[in-house]
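>
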Amino acid sequence: MNSIGFEKCILEHGVYVQNSKREGKVERLIVCLYFDDMLITRSNEKVIQNFKLHMLNEFEMSDLGKLSYFLGIEFVETEKGIVMHQSRYAKEMLKKAEMHDCNAANTPAEVGLRLEIDPEEEAVDVTYYRSMVGSLRYLCNTRPDVSYSVGLVSRYMQNPRISHLNAVKRILRYIQGTHGYGILFPRRKGGMEVRIKAYSDADWCGDKSDRKRIRRYLFFLGDSPISWSSTKESVVALSSCEAEYIAACEATCQAMWLKSVMEGLKIELTGKIKSCIDTAIDLAKHPTSHGRSKHIETKFHYIREQVKEEKLELCHCKSEM
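Under UniProt numbering, the first residue of the sequence shown is numbered 1, with each subsequent residue one higher.
1. Whole angstroms are fine: how far does the CA of VAL235 sit from the CA of LYS285?
2. Our contact map puts SER275 next to LEU312 with C-beta atoms below 8 Å; I'd like the distance itself, whole angstroms only.
3. From the DSSP output, which residues share a beta bridge with LYS8?
4. Taking buried to mean at least 16 other C-beta atoms within 10 Å of its own C-beta, is VAL146 buried or exposed?
5. Any contact between the stretch 140 to 155 and the stretch 226 to 240? By contact I mean 3 or more CB pairs, one from each, below 8 Å.
6. At 3 residues or longer, what runs of the beta strand (DSSP E) sit wholly inside the UniProt domain "Reverse transcriptase Ty1/copia-type" (3 to 109)?
7. Which class does THR270 belong to by DSSP, given the choice of helix, strand or coil?
8. Tell me where the beta strand (DSSP E) around SER230 begins and ends.
9. State buried or exposed for MET321, treating a residue as buried only when at least 16 other CB atoms are found within 10 Å of its CB.
10. Do you know whose CA, among ALA255, GLY112, ASP203, LEU94, lies nearest LYS197's CA?
11. From what residue to what residue does the beta strand (DSSP E) around TYR217 run?
12. What do you reckon, are the CB atoms on SER200 and ALA247 nearer than 8 Å?
13. At a cut of 8 Å, does the stretch 102 to 109 reach the stretch 157 to 173 through at least three beta carbon pairs?
14. Below 8 Å on the Cβ atoms is my contact criterion, and I expect ALA243 with ASP278 to pass it. Report the Cβ-Cβ distance as a whole number of Å.
15. I need the DSSP call for GLY182, collapsed to helix, strand or coil.
16. Could you give the C-beta distance for VAL31 and PHE6, rounded to a whole number, given that I count them as a contact under 8 Å?
17. Return the chain-ordered list of same chain residues with a C-beta closer than 6 Å to the C-beta of VAL83, the five sequence neighbours on each side being excluded.
18. In the stretch 109 to 166, which residue ranges form an unbroken alpha helix (DSSP H) of at least 4 residues, counting only runs that do not cross its ends?
19. I'd like to know whether the C-beta atoms of LEU238 and LEU172 end up nearer to each other than 8 Å.
20. Am I right that ALA105 and TYR174 are in contact with their C-beta atoms under 8 Å? What's the rounded C-beta distance?
21. Look at the Cβ atom of ASN19, then the Cβ atom of LYS266, and state whether they are nearer than 8 Å.
22. Using a Cβ-Cβ cutoff of less than 6 Å, which residues in the same chain neighbour GLU15 once the five nearest sequence positions on both sides are dropped?
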């Protein structure tokens with residue numbers, strides 16, 4: 001790839017980028033390699049065809065045409081843009097779990113669901129439980145709406161009980177009614193701005209068994225979600241403000257990574273990445289140390305450094321509905 005003018009993306013070693021000038025305009029060819037599978041994208045179809053011919057002359061390859069299926073993920077081109085979903089994968093998962101005829105649920109979890117470890121509760125098949133949770137985790141690649149619930153049941157892989165399995169089945173029932181859900185990447189008109197916006201939040205003492213928080217973040221590229229996470233952390237926060245501050249810092253780390261990936265793809269962002277947080281915004285903007293924050297570990301002040309260097313813009317966003 002390097003011999004024909006491609007540069008390897010430093011942060012994603014399976015991604016290569018080639019820039020060239022055509023009629024006074026800089027055009028970009030991006031190639032993604034995953035073992036023996038290859039994705040090629042560019043606005044100019046002729047350039048893609050020339051690259052394909054070059055690769056077919058060098059290697060024994062099969063041209064599968066326009067992208068429609070890749071690693072269990074489906075891609076559908078519509079008038080509005082490209083939709084990425086895992087409907088086929090979800091149906092196969094339901095069939096594997098023998099729940100393809102189950103009644104659909106409106107939500108992936110019951111309101112106020114709290115799972116605990118009860119040694120006296122009936123145990124379930126560990127292999128089956130892990131298989132279902134593992135399948136659900138892969139589905140999260142295109143389904144941020146189930147990320148929290150899947151993260152919740154993932155904590156009980158060691159000794160799952162009947163209540164944990166019931167929570168898994170609730171998620172599967174939700175998938176039954178929403179297997180066609182996916183992410184739309186709208187068609188981008190020339191000259192449109194390319195912006196990344198983040199939202200982060202955390203609950204205080206989210207897990208009542210050990211008082212550790214659950215932090216979440218969600219990143220948008222334009223109007224499309226591109227990165228999300230819902231994770232239980234190892235740090236015990238002493239206040240809701242501290243919990244949100246730490247979550248915002250972790251979202252900042254992801255923001256800087258996304259910024260670097262965009263730079264590696266030679267895509268220029270419009271303005272700074274905007275991060276929306278709630279009660280911790282003053283703590284992040286003003287590097288003061290007082291009784292309720294002086295104990296916070298130094299590494300979590302990374303967010304202040306990025307704000308100071310004007311790489312990140314903070315905005316207030318209330319977490320109430």
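Think of the CB as a built atom: it goes at the ideal place given N, C-alpha and C, for glycine as much as any other residue. As the structure is a prediction and not an experimental result, all values here were calculated from the model.
Taking the structure as given:
1. Along the sequence shown, one-based indexing puts residue 285 at 285. Along the sequence shown, one-based indexing puts residue 235 at 235. Each residue's alpha carbon lies about 22 Å from the other.
2. As a working note, residue 275 is residue 275 in the sequence shown. As a working note, residue 312 is residue 312 in the sequence shown. SER275 to LEU312, Cβ: 6 Å. Contact.
3. As a first step, residue 8 is located in the sequence shown; it is residue number 8 there, counting from the start. Per DSSP, TYR16.
4. Numbered from 1 along the sequence shown, position 146 holds the residue referred to as residue 146. With 16 or more Cβ atoms within 10 Å of its Cβ, VAL146 is classed as buried.
5. yes
6. 15 to 22, 25 to 34, 37 to 41, 73 to 77, 81 to 85
7. What you label residue 270 is simply residue 270 of the sequence shown in a count that begins at 1. Note: THR270 maps to coil in three-state DSSP.
8. Stepping through the sequence shown from its first residue, residue 230 is reached at position 230. First-last of the beta strand (DSSP E) with SER230: 224 to 232.
9. Counting from one through the sequence shown, the residue named residue 321 turns up at place 321. Unreliable placement is indicated for MET321, whose pLDDT of 47 sits below 50; no coordinate value is reported for it.
10. The residue given as residue 197 occupies position 197 in the sequence shown. Distances from the alpha-carbon of LYS197 to those of ALA255, GLY112, ASP203, LEU94 put ALA255 closest.
11. Indexing the sequence shown from 1 puts residue 217 at position 217. From DSSP, the beta strand (DSSP E) with TYR217 extends over 212 to 221.
12. As a first step, residue 200 must be located in the sequence shown, where it is residue number 200. As a first step, residue 247 must be located in the sequence shown, where it is residue number 247. Their beta carbons are under 8 Å apart, which means SER200 touches ALA247 by this criterion.
13. yes
14. As a working note, residue 243 is residue 243 in the sequence shown. As a working note, residue 278 is residue 278 in the sequence shown. Not really, about 10 Å apart at Cβ, beyond 8 Å.
15. Indexing the sequence shown from 1 puts residue 182 at position 182. Three-state result, GLY182: strand.
16. Looking up residue 31 in the sequence shown gives position 31. Looking up residue 6 in the sequence shown gives position 6. The beta-carbon distance between VAL31 and PHE6, rounded to whole angstroms, is 7 Å. This is short enough to meet the 8 Å contact definition.
17. Reading the sequence shown from its first residue, position 83 is the one you call residue 83. Within the same chain, VAL83 has close Cβ partners VAL76, GLY182, LEU184.
18. Counting whole runs of 4 or more residues, the stretch 109 to 166 contains the alpha helix (DSSP H) stretches 126 to 139, 147 to 153.
19. For this step, residue 238 is matched to residue 238 along the sequence shown. For this step, residue 172 is matched to residue 172 along the sequence shown. Not in contact: LEU238 and LEU172 (Cβ atoms no closer than 8 Å).
20. Translated into positions along the sequence shown, residue 105 becomes position 105. Translated into positions along the sequence shown, residue 174 becomes position 174. Right, the Cβ-Cβ distance comes to about 5 Å (below 8 Å), so this counts as a contact.
21. Walking along the sequence shown from the start, residue 19 turns up at place 19. Walking along the sequence shown from the start, residue 266 turns up at place 266. Yes. Within cutoff.
22. For the purposes of this step, residue 15 is taken as the residue at position 15 of the sequence shown. The displayed chain sequence assigns Val, not Glu, to residue 15. Contacts found: CYS9, CYS32.
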